[in-house]
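A.B. asks:
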Amino acid sequence: MKWSYIFLLLALLTMVSCRKQDVRMARITVPQMNSQDCADRVSMILQRIPGVLGDQVAIDRERRDVAVPYDSLKLSLKNIEYTLAKAGFEANNIPADEKARAALPESWR
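So the mapping is simple: our numbering equals the position in the sequence shown, first residue as 1, plus 5.
1) Residue ranges of each beta strand (DSSP E) run of no fewer than 3 residues wholly in the segment 10 to 86, ordered along the chain?
2) For the alpha helix (DSSP H) that Ala-116 lies in, which residues bound it at each end?
3) To which residues does DSSP link Ala-96 through a beta bridge?
4) With distances taken Cα to Cα, identify the nearest neighbour of Glu-111 among Ile-33, Asn-39, Lys-25 and Asn-84.
5) With 16 as the cutoff for other CB atoms within 10 Å, does Asp-70 come out buried or exposed?
6) How big is the Cα-Cα spacing for Lys-91 and Val-62?
7) Kindly give me the distance between the Cβ atoms of Ile-50 and Leu-89, rounded to whole angstroms, as I take these residues to be in contact under 8 Å.
8) Have a look at Gly-4 and Lys-79 and give me their C-alpha separation to the nearest angstrom.
9) Output yes or no for whether 8 Å exceeds the beta carbon distance between Gln-72 and Arg-32.
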């Protein structure tokens, strides 16, 4: 009986310690984000990335950066940066994809 309680206690502790989410906050600099339309586009891109908590994304147009909460068990900061770069936006010194950048409105380049 004593062993049953010990086993039950260990099983409970194991279940409690399993994490389902590890939310982290990243600050991403997007130098070409100079208008509200551009900021909206960046926000839309971020909201479509699985693992990003899109409803909590905070954009600061004056500083030209974005605070992005994300689940680090699903993706890394580099995934987010490269997704923005593939969409045509420089992100934390990751250069923008030239073809995608050329497709953006001229005022966003």
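Here a beta-carbon is modelled for each residue, glycine too, at the ideal position from N, C-alpha and C.
C.D. replies: Answer, in terms of the structure:
1) 28 to 34, 63 to 65 and 70 to 76
2) Any answer about residue 116 is impossible in this case: the structure gives the chain only from 6 up to 114.
3) Ile-99
4) Asn-39
5) buried
6) 19 Å
7) 6 Å
8) Coverage of the chain is limited to positions 6 through 114, which leaves residue 4 absent and any answer about it impossible.
9) For the sequence presented, residue 72 should be read as Ala rather than Gln. Yes, they are a contact pair.
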